[in-house]
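J.: Please see the structure below; I have some questions.
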Ligand code: MG
Ligand code: MG
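Residue numbers (our numbering): 6 to 258.
Written out as structure tokens, the structure is:
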């Protein structure tokens, strides 16, 4: 799974310089398409339940599943890009969020909390912990600040298929407690907190895909594919020159 994982990271590295003011999100998706092809992978999202693009690009109030199109990025935007690739029979899935320019205080804090929530979850992805324990760490990080936790969408197990058991919500639900498991070496999870500046409530637009915040305030989405190993968490969706925890200033991480 390190192979598709690294391809996802290499794709992010290839598109990083396109994430700037004036670029249309469809141009970023075209670069994703070309890069994944060059790498010899298969984009997992294209055609998934009819999804029409190679990546999900969600801007500002868009939470997840944004469809790339003519929208031009502007200074201050918070852009979340989600990429999934299949290679050698296995899947990798990662989302990175970027701010164009400085961004507002609200935008910066929303992204910071999202990154910290993902990091808190990854730190708990080790043998002997429970899934509930991992999810508690993500939830606690988000609830500690007055940000909205998106409950409607979840992380997931990942392997030969993009979405496998178990579901990994970003809060401890009754059903999660009921279905708790011990984390063991070999289990691979896609952890993906979604954090809103305001309410955690979301609405799906008429296109059937784009999920937006109910109050139109900004949202961030950060995701890594993480293997549980005897030595602890191994983040698979990292590329050359990247490490976990990330060095400060790594774009999108
Ligand atoms: Mg994803
Ligand atoms: Mg995912």
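A virtual CB, placed ideally from N, CA and C, is assigned to each residue, including glycine.
Can residue 92 be considered in contact with ligand 1, in the sense that its beta carbon sits closer than 8 Å to one or more heavy atoms?
T.: No, ligand 1 has no heavy atom inside 8 Å of this Cβ.
J.: Helix, strand or coil: how does DSSP classify residue 95 here?
T.: The answer is strand: DSSP assigns residue 95 an E or B state.
J.: Tell me, which residues are paired with residue 194 by DSSP?
T.: DSSP lists 162 and 231 as partners of residue 194.
J.: Could you tell me the alpha carbon to alpha carbon distance between residue 17 and residue 249, rounded to whole angstroms?
T.: Spanning the two alpha carbons is a distance of roughly 16 Å.
J.: Check each candidate in 200, 199 and 140 and name the one with the smallest Cα separation from residue 180.
T.: The shortest C-alpha separation from residue 180 is found at 140.
J.: Output needed for residue 57: all residues of its chain with C-beta closer than 8 Å, excluding positions within five of it in sequence on either side, in chain order.
T.: Only 51 and 72 meet the Cβ criterion.
J.: Measuring CB atoms only, is the region 212–219 touching the region 165–183, in the sense that at least three cross pairs come out at less than 8 Å?
T.: Touching, no.
J.: Run through DSSP, which three-state label would residue 168 get?
T.: If DSSP states are grouped into helix, strand and coil, residue 168 belongs with coil.
J.: I'd like to check one pair, residue 44 with residue 33: are the Cβ atoms closer than 9 Å?
T.: No, they are not a contact pair.
J.: Does the distance from the CB of residue 10 to the CB of residue 242 come in under 9 Å?
T.: Contact: yes.
J.: Do residue 161 and residue 152 come within 9 Å of each other at the CB atom, strictly closer than that value?
T.: No.
J.: For the 8 Å Cβ check, are there 3 or more pairs between the region 121–137 and the region 187–197?
T.: Yes, the region 121–137 is in contact with the region 187–197.
J.: Would DSSP call residue 42 helix, strand or coil?
T.: Looking at residue 42 - three-state DSSP - the assignment turns out to be helix.
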